[in-house]
Amino acid sequence: MLNFVPSVSFNLVNPINSLANRKNKFSIVYTLKSEYKYNIFLDGENRAKRTITQRDRYAILKKPLGLILEEKEDGMVCIAKIDPAGNAAKSGFDIKIGDVVVAVSATFGDEVWSTRGIGLDRVLKSIKIRSGDYVTLVLENPEDNENFAIEANLNAEKRRIDAREKFGNPVILDPITLTPIKSDEINKQKKKFFGLF
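Numbered by UniProt numbering, the letters in the sequence shown go through residues 1 to 197 in order.
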């Protein structure tokens, strides 16, 4: 179940305060508490920016990689071909055709950035702009990736059901009177635009 906890903070005007504090006199911060582990901001292993964990299957490869990557319909990038004479084949890491690239090295440092659904162009650019001669790829086999997508969809559906149980169905309000509008009234209110739409 999702719980939104409002917390309010007030900053009093004080000439000693920094400029940032003076600009933010009043702020409301909502903290999201969740029992789920699918949210990239809550689950450290699936964050957009993270370090490699022991559970990750990764490869540290010298550029040029010796891989041909392709984009799937869902924006995921997978390995289409491995050059037998390339750096990927010589690296000794467990790399297979069909593996999905789920994270790539940050521009510098030891962190990796998620590549889930970002497409081939952005993955290639991430590899190209990586400083140094080596790049880290975090890989998943296609079955694990499919299971991740199914689990994320199931969790999203459970969140919707939990929200409807807690807050009820969404209500559309008339923008002028702020009274609820029924769905059949919405269709009646839609008028044709010059008889075309």
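For every residue, glycine included, the Cβ atom is placed at its ideal position computed from N, Cα and C.
Here the structure is a predicted model, which means the values were calculated and not measured.
A straight-line Cα-Cα distance of about 26 Å links Asn145 and Phe108. Segment contact: the stretch 134-144 against the stretch 163-182, fewer than three CB-CB distances shorter than 8 Å; contact not assigned.
Looking at the DSSP output, Thr136 sits in a beta bridge with Ile60. Taking all protein chains shown into account, Thr179 has fewer than 16 neighbouring C-beta atoms within 10 Å of its C-beta and is therefore exposed.
Within the same chain, and ignoring the five residues on either side of Gly132 in sequence, the residues whose Cβ sits closer than 8 Å to its Cβ are Phe108. Taking C-beta atoms as the reference points, Glu111 and Arg50 count as a pair closer than 8 Å. Membership of Ala88 in the alpha helix (DSSP H) is indicated by the continuous run Asn87 to Lys90. Between the beta-carbon of Ile79 and that of Thr136 there is about 15 Å, and that puts the pair past the 8 Å contact cut. With 16 or more other Cβ atoms from the protein chains shown falling within 10 Å of its own Cβ, Asp99 counts as buried. The alpha-carbon of Ile95 is positioned some 17 Å away from that of Thr115. Short of 7 Å from the beta carbon of Ile118, and not among the five residues preceding or following it, lie these beta carbons of its own chain, in chain order: Gly75. Within the DSSP bridge table, the entry for Leu67 names Ile82 as partners. For Gln54 and Ile60, the gap between their C-alpha atoms comes out near 14 Å. Leu178 carries a coil assignment under DSSP once its states are collapsed to helix, strand and coil. Put simply, the backbone Cα of Ile181 is about 7 Å away from that of Val171. If you draw a straight line from the Cα of Asp56 to the Cα of Asp162, it is about 31 Å long.
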